[in-house]
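Residue numbers (my numbering), protein chains in the order written: chain D, 128 to 263; chain W, 2 to 83; chain A, 441 to 710. Built from N, CA and C at the ideal position, the CB exists for glycine as well. On a predicted model such as this, the values are computed, not experimentally measured, just so you know.
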Amino acid sequence: MNEAASLMITVTIMTIVMNISIAVYGVFTRPSLTKKIISLIMCTDSINIFAVIIGFRISVRYPSPPILPEPPDLDDLQVFVSRSVDPIPQALLVTAIVIGLATSVFLMGLSILYYKHFGTTDMRVFSEEDADETSE
Amino acid sequence: MIIPLIVVLVFSFFSIIATYLAVVEKDLLNSAIFMALQGVCYTLIYYVLLAPDVSLAYIPVSSGLLPILLLVVLRKLERFEP
Amino acid sequence: MRGKDLIIAFSLASFTIALGLILYLEGLGPLPARDLRFLATSILKNIFNPWEANLTTYSLNAVSAVIWDYRALDTILETAVLFAAITGVTALFREFFNVPNTNLQSLSVVVRASTKVVLPLIVLVGTSLAIHGHLSPGGGFQGGAVLAVAPALLITVFSLRIVYDLKLKAEFLLGIRFSALLLIILLSLTPPILASISGVKGYVLQNMGKADSPLSMPAWFLNTPLAGSIFFFNVLETVAVVAGLTLCILLVSVEWGKIKNFLTRDENRE
Chain D
128 MNEAASLMIT
138 VTIMTIVMNI
148 SIAVYGVFTR
158 PSLTKKIISL
168 IMCTDSINIF
178 AVIIGFRISV
188 RYPSPPILPE
198 PPDLDDLQVF
208 VSRSVDPIPQ
218 ALLVTAIVIG
228 LATSVFLMGL
238 SILYYKHFGT
248 TDMRVFSEED
258 ADETSE
Chain W
2 MIIPLIVVLV
12 FSFFSIIATY
22 LAVVEKDLLN
32 SAIFMALQGV
42 CYTLIYYVLL
52 APDVSLAYIP
62 VSSGLLPILL
72 LVVLRKLERF
82 EP
Chain A
441 MRGKDLIIAF
451 SLASFTIALG
461 LILYLEGLGP
471 LPARDLRFLA
481 TSILKNIFNP
491 WEANLTTYSL
501 NAVSAVIWDY
511 RALDTILETA
521 VLFAAITGVT
531 ALFREFFNVP
541 NTNLQSLSVV
551 VRASTKVVLP
561 LIVLVGTSLA
571 IHGHLSPGGG
581 FQGGAVLAVA
591 PALLITVFSL
601 RIVYDLKLKA
611 EFLLGIRFSA
621 LLLIILLSLT
631 PPILASISGV
641 KGYVLQNMGK
651 ADSPLSMPAW
661 FLNTPLAGSI
671 FFFNVLETVA
681 VVAGLTLCIL
691 LVSVEWGKIK
701 NFLTRDENRE
């Protein structure tokens, strides 16, 4: 077992859990729409690191990235399979980053329309108006 | 395995500081800069965890395109948080 | 300190501690697995395996092979999701398809000179990442995103006048984006069309020849491996991403005075 790699994974997991909770706190508590968008982007990016941690390989002394340096023969293929990390979570992550970018771009376009209607980026105005309508 | 371990420890530490300062800050320009700083720290963590493709896809998105879009939108809306 | 704030802080803290404790005690399974899963082993064994011609892809980069060959349908749909978001932003700002004339000034001469040095380097790195996607870390989306930073920098430093001077229209960019997506779908439908013309069997999104279908995309290019349809998909995806993201930045950065007139005129009309 690789002691340094084990320490690295544990420290990274605790850091990411801390970052996720700070970003979720930011989405709930701060009243400005732009601050909510910033916190949502940070929360999405922090969750993406978990996928890379799932694919890591801890039982090998020197793991390698999932790329072949030159066209291999059969012995090179055996060494490569016994040492490399998992390529599937990394492929899913590229898709997740693109979809996060698409959502953020659309949210920024929508926040300009919110500013048109209410004249401010404060979300408390929206919730007060909603409460007035439902209480009547 | 000493240098990857030191890189992960130092940059995880910086990423927690950057995230907390980005959420608490009142001036939204500083908040966008802290978000870009957190993106740089995560890029290095992706590289040490042996994922070069993900790292190359994450650099322009988190440190180039999203802060530029955010700064352009900030100029049209309010700069200081109410 | 209100009661609501206290409850939120307490629940966040207990969520953090509980999740950390569960992960440490391996309640969700040993988090980096001890051995590689069977699916990953079989994919890594087959990405460049000339002795097993049914399952191979002749690409040296495992992540590109998984994205554009073994799970190609996911990637085509993800490109469609990005296209849907760009269409949404275009619909919100539909009045500014012809970018109006402005007289904004560009930034100071120091910034302009250093941008002129940095821009060719950005274009070079982006093109190299896009073309080399099947031999080294890189690929379609990576190269496209790096290349899209160049127009964003150009619009920020030289102000929107440069778009007006270069006579770049928003319809042109939207047309490029749409035709790149159409070409991706056509490339994925090419093997069945060719197969029905010449009377053999062909599958949708087929890369190399299989046991009952002798059609295959080109696999070697003057003794470097060219992974067939993966190379063409990378190039088309780069073009699509550059056009789409440039259009987004163009539409969002129109002057605030003109956007305000457009929005208030809409309100008076209602």
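Quiz prompt | A:Gly528 and A:Glu677 closer than 9 Å at C-beta | solution = Position 88 of the third sequence, counted from the start, is the residue given in the question as residue 528 of chain A. Position 237 of the third sequence, counted from the start, is the residue given in the question as residue 677 of chain A. In this structure, A:Gly528 sits away from A:Glu677, with a CB-CB distance that is not shorter than 9 Å.
Quiz item: What's the C-alpha gap between D:Thr222 and A:Val521?
Solution: Residue 222 of chain D sits at position 95 when you count from the first residue of the first sequence. Residue 521 of chain A sits at position 81 when you count from the first residue of the third sequence. Taking the straight line joining both Cα atoms gives about 10 Å.
Quiz item: Looking at the structure shown, is A:Pro665 part of a helix, part of a strand, or coil, going by DSSP?
Solution: Walking along the third sequence from the start, residue 665 of chain A turns up at place 225. A:Pro665: strand per DSSP, three-state reduction.
Quiz item: Hey, A:His574 and A:Asn663: beta-carbon distance below 9 Å or not?
Solution: Here residue 574 of chain A is taken as the residue at index 134 of the third sequence, counted from 1. Here residue 663 of chain A is taken as the residue at index 223 of the third sequence, counted from 1. For the pair A:His574 and A:Asn663, the CB atoms are not nearer than the 9 Å cut-off.
Quiz item: Taking DSSP as the reference, what is the three-state secondary structure of A:Asn489?
Solution: In the third sequence, counting from the first residue as 1, residue 489 of chain A sits at position 49. Coil at A:Asn489, not helix or strand.
Quiz item: chain W partners of A:Phe488, CB-CB under 9 Å?
Solution: Mapped onto the third sequence, residue 488 of chain A falls at position 48. The contact set of A:Phe488 on chain W, defined by CB atoms closer than 9 Å, is empty, because the minimum CB distance reaches about 17 Å.
Quiz item: Can you tell me whether DSSP reads A:Asn543 as helix, strand or coil?
Solution: As a first step, residue 543 of chain A is located in the third sequence; it is residue number 103 there, counting from the start. Note: A:Asn543 maps to coil in three-state DSSP.
Quiz item: Looking at the structure shown, is A:Lys641 part of a helix, part of a strand, or coil, going by DSSP?
Solution: Locating residue 641 of chain A in the third sequence gives position 201, counting from the first residue. For A:Lys641, the secondary structure class from DSSP, reduced to helix, strand or coil, is coil.
Quiz item: Around the C-beta of A:Gly443, are 16 or more other C-beta atoms found within 10 angstroms, so that it is buried, or is it exposed?
Solution: Working through the third sequence from its first residue, we reach residue 443 of chain A at position 3. Counting Cβ neighbours within 10 Å, A:Gly443 comes out exposed, since fewer than 16 surround it.
Self-check item: DSSP state of A:Glu710 mapped onto helix, strand, coil
Solution: Position 270 of the third sequence, counted from the start, is the residue given in the question as residue 710 of chain A. Its pLDDT being 47, under 50, A:Glu710 is placed unreliably by the model, and the measurement read from it follows with that caveat. Secondary structure at A:Glu710: coil, using DSSP grouped into helix, strand and coil.
Exercise. Measure the C-alpha to C-alpha separation of W:Leu29 and D:Lys162 and round it to an integer number of angstroms.
Key: Indexing the second sequence from 1 puts residue 29 of chain W at position 28. Indexing the first sequence from 1 puts residue 162 of chain D at position 35. Approximately 7 Å between the Cα atoms of the pair.
Quiz item: So the alpha helix (DSSP H) W:Asn31 belongs to, where does it begin and stop?
Solution: For the purposes of this step, residue 31 of chain W is taken as the residue at position 30 of the second sequence. For W:Asn31, the enclosing alpha helix (DSSP H) starts and ends at Leu29 to Val49.
Quiz item: Which residue comes first and which comes last in the alpha helix (DSSP H) that contains W:Pro53?
Solution: For the purposes of this step, residue 53 of chain W is taken as residue 52 along the second sequence, with counting starting at 1. Per DSSP, the continuous alpha helix (DSSP H) segment holding W:Pro53 begins and ends at Pro53 to Pro61.
Practice problem: Note down, in chain order, each residue of its chain lying with its Cβ closer than 8 Å to the Cβ of D:Thr248, except the 5 sequence neighbours on either side. | Solution: Here the question's residue 248 of chain D lines up with position 121 in the first sequence. Correct list, in chain order: Ser159, Leu160, Thr161, Ser238, Tyr241 and Tyr242.
Quiz item: Should D:Pro214 be labelled buried (16 or more other beta-carbon atoms within 10 Å of its own) or exposed?
Solution: Indexing the first sequence from 1 puts residue 214 of chain D at position 87. That one is buried.
Quiz item: Mapping DSSP to helix, strand and coil, what is A:Asn501?
Solution: Taking the first residue of the third sequence as position 1, residue 501 of chain A is located at position 61. When secondary structure is reduced to three states using DSSP, A:Asn501 falls in the strand class.
Quiz prompt | the ligand COA heavy atom lying under 8 Å from the CB of A:Pro654 | solution = Looking at this structure, you won't find the ligand COA or any other ligand, since it has none at all.
Quiz item: Which residues of chain A have a Cβ atom closer than 8 Å to the Cβ of D:Val154, listed in chain order?
Solution: If you number the first sequence from 1, residue 154 of chain D lands on position 27. Against chain A, the beta carbon of D:Val154 has no neighbour under 8 Å; the closest one sits roughly 11 Å away.
Exercise. Give me the Cα-Cα distance between W:Lys33 and A:Ser619, rounded to the nearest whole angstrom.
Key: Walking along the second sequence from the start, residue 33 of chain W turns up at place 32. Walking along the third sequence from the start, residue 619 of chain A turns up at place 179. Residue identity check: residue 33 of chain W is Ala in the sequence provided, not Lys. Taken atom to atom, the span from the alpha-carbon of W:Ala33 to that of A:Ser619 is near 34 Å.
Practice problem: Out of A:Tyr604, A:Lys641, A:Pro658 and A:Ser656, point me to the one whose CA is closest to A:Leu690's CA. | Solution: To locate residue 690 of chain A, count along the third sequence from 1; it is residue 250. The option with the nearest alpha carbon to A:Leu690 is A:Tyr604.
Self-check item: Rounded C-alpha distance that separates A:Ile602 from A:Gly615
Solution: The residue you call residue 602 of chain A lines up with position 162 of the third sequence. The residue you call residue 615 of chain A lines up with position 175 of the third sequence. Distance between the alpha carbons of A:Ile602 and A:Gly615 is about 20 Å.
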